[in-house]
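The block underneath contains the structure these notes are about, expressed in C-alpha cells.
Numbering (the numbering used here), first residue to last: 189 to 273.
Okay, here's the thing in C-alpha cells:
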C-alpha cells in the first residue's frame, strides 16, 4: 500500500465518523425546543444527570466493543475467515 491510498482510506474513514458525530449533534440541537417545552427544569436536570452518568459508564461497561465492531466492519483488508474459525 502506498502513502496515497493509506491517506485516502484514512480520510474516508474519518469522514464516516465525522458524519456520524455531526448527525448526533444536529439531532440533539433540534430536540432542545422539545425538551424545554415538555420537561420542567428539575426534570431536565435529572435527565441530564442520567445521560451524563450513562455516557461515562457505557465505555467501561461495554469495553468499547461497539467501536471495535464498527471499525472491524470498515476494515476490508482483514482476513475475517481466520477470526471466525
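Every residue gets a Cβ at the ideal spot worked out from N, C-alpha and C, and that includes glycine.
Shown here, residue 244 sits in a helix according to DSSP, grouped into three states.
Going by DSSP, residue 262 is part of the alpha helix (DSSP H) stretching over 253 to 262. With a minimum length of 4 residues, the unbroken runs of alpha helix (DSSP H) contained wholly in the region 209 to 237 fall at 220 to 226.
Close CB contacts of residue 248 within its chain, under the 8 Å cut and outside five residues either way in sequence, are absent. When the beta-carbon positions are compared, residue 232 and residue 224 come within less than 9 Å of each other.
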